[in-house]
Amino acid sequence: MTTTIEPQLVRRAAQGDRTATAMLLADVRPGLVRYCRARLGRIGGAYTTADDVAQEICLAVLRALPRYREQGTPFSAFVYAIAGHKVADAQRAAVRAASVTAADPPPETPDAAPGPEQRAVATDLARRLSGLLDQLPDTQREIVVLRVAVGLSAEEVGAIVDMSAAAVRVAQSRALARLRTLAGDTLGEVAA
1 MTTTIEPQLV RRAAQGDRTA TAMLLADVRP GLVRYCRARL GRIGGAYTTA
51 DDVAQEICLA VLRALPRYRE QGTPFSAFVY AIAGHKVADA QRAAVRAASV
101 TAADPPPETP DAAPGPEQRA VATDLARRLS GLLDQLPDTQ REIVVLRVAV
151 GLSAEEVGAI VDMSAAAVRV AQSRALARLR TLAGDTLGEV AA
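full-length UniProt numbering numbers the first residue of the sequence shown as 1 and each following residue consecutively.
The structure is reproduced here in structure tokens:
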């Protein structure tokens with residue numbers, strides 16, 4: 001969702017126009033998938049959880065759409081407010097599930113996924129990136145995910161986090177500088 005959604009499309013979808021609803025979801029879903037994948041990563045080595053959460057967000061948006069009223073903010077702010085809550089729910093569920101599934105036996109069928117070495121490297125990288133993002137303040141983390149992973153404009157992100165576009169750019173710059181510093185420290189620890 002890198003462009004602003006037409007308000008007329010949102011109004012038509014809110015009034016029950018099936019074509020407008022389909023067009024709206026087609027515009028919203030790719031950005032939500034990127035957002036969920038960036039925030040949730042590969043839980044259990046796959047993106048299926050993130051993709052499922054993106055689908056849940058789409059359903060929640062559909063349920064809330066008739067009650068949506070434009071109040072000077074773009075529709076994306078409404079969508080990503082819902083997304084933030086659903087992602088937080090998924091993160092809490094993943095923590096609970098991790099303690100339950102730790103005792104589960106391995107599957108009997110062979111996996112067509114990448115081999116153990118590739119999974120280990122990808123998992124380690126995802127863990128490190130997630131750890132770096134977790135060291136940022138919540139607002140900066142949200143800005144980086146929405147700007148870099150989802151591809152929203154500074155104006156769109158500003159509407160979501162209630163900041164001006166200029167303040168979003170400054171916060172993004174500071175967050176990326178902090179990530180560079182943190183990544184340098186992490187890489188230094190690995191090399192030592």
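Note that the Cβ used here is the ideal one computed from N, Cα and C, for glycine as well.
- Annotated three-state conformation of residue 80 is helix, per DSSP.
- The alpha-carbon separation between residue 124 and residue 67 amounts to approximately 42 Å.
- Around the beta carbon of residue 88, fewer than 16 other beta carbons lie within 10 angstroms, which makes this residue exposed.
- The continuous alpha helix (DSSP H) containing residue 141 extends over residues 138-144.
- Bounds of the alpha helix (DSSP H) holding residue 62 are 48-64.
- Residue 5 sits in coil when the DSSP states are folded into three classes, being neither helix nor strand.
- Across the structure, residue 31 and residue 69 are spaced so that their CA atoms are roughly 22 Å apart.
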